[in-house]
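Peer 1: Just so you know, we're using the working numbering here: the sequence shown kicks off at 117 and counts up by one.
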Amino acid sequence: MAKPGTETSPDIDVEDKLKDAFARGWTVVVWNDPINLMDYVVYVFKTVLKMNEKDASRHMWEVHQLGKSQVARETKEKSELLVHRLRGFGLNATMEQAD
Numbered sequence: 117m118a119k120p121g122t123e124t125s126p127d128i129d130v131e132d133k134l135k136d137a138f139a140r141g142w143t144v145v146v147w148n149d150p151i152n153l154m155d156y157v158v159y160v161f162k163t164v165l166k167m168n169e170k171d172a173s174r175h176m177w178e179v180h181q182l183g184k185s186q187v188a189r190e191t192k193e194k195s196e197l198l199v200h201r202l203r204g205f206g207l208n209a210t211m212e213q214a215d
């Protein structure tokens, strides 16, 4: 029983929270910008995301032509790390919860 003047929160299923946190339910999106050269973007994709030349070039062209590309699908924590590293290289990157 809760003490007077305190609120009780609904039961939180810790197991479900952990599953959600570690599920690969987050995408990393890189957005087009007028600053970075195409070759540099390919270099960053290969360096940060460990892509091969073909995949890095394909994603670079998606960014260039479509305005964005989903470059990774990872856990929330790993997606946050990738966004941080991509931004550290000067790319405009965000993360979104996957459908």
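Where a beta carbon is used, it is the ideal one built from N, C-alpha and C, also for glycine.
(1) Taking only the alpha-carbon atoms, compute the straight-line gap between ARG189 and TYR156 and give it to the nearest angstrom.
(2) Please report the distance separating the alpha-carbon of GLY204 from that of ASP129.
(3) Starting from ALA172, trace the alpha helix (DSSP H) both ways and give me its first and last residue.
(4) If you compare alpha carbons, which of LYS166, ASP215, ARG140 and LEU207 is closest to ILE151?
(5) Starting from the C-beta of HIS180, find all residues in its chain whose C-beta is less than 7 angstroms away, skip the five residues before and the five after it, and write them out in chain order.
(6) Look at the Cβ atom of VAL187, then the Cβ atom of VAL146, and state whether they are nearer than 8 angstroms.
Peer 2: Quick look at the numbers:
(1) As a first step, residue 189 must be located in the sequence shown, where it is residue number 73. As a first step, residue 156 must be located in the sequence shown, where it is residue number 40. Taking the straight line from one Cα to the other gives about 22 angstroms.
(2) Numbered from 1 along the sequence shown, position 88 holds the residue referred to as residue 204. Numbered from 1 along the sequence shown, position 13 holds the residue referred to as residue 129. About 36 angstroms.
(3) Locating residue 172 in the sequence shown gives position 56, counting from the first residue. Looking at the DSSP string, the run of the alpha helix (DSSP H) that includes ALA172 is 169-182.
(4) The residue you call residue 151 lines up with position 35 of the sequence shown. The residue with the shortest Cα to Cα distance from ILE151 is LEU207.
(5) Along the sequence shown, read from residue 1 onward, the residue named residue 180 stands at position 64. Correct list, in chain order: ASN148 and MET154.
(6) Residue 187 sits at position 71 when you count from the first residue of the sequence shown. Residue 146 sits at position 30 when you count from the first residue of the sequence shown. Taking 8 angstroms as the Cβ cut-off, VAL187 and VAL146 qualify as a contacting pair.
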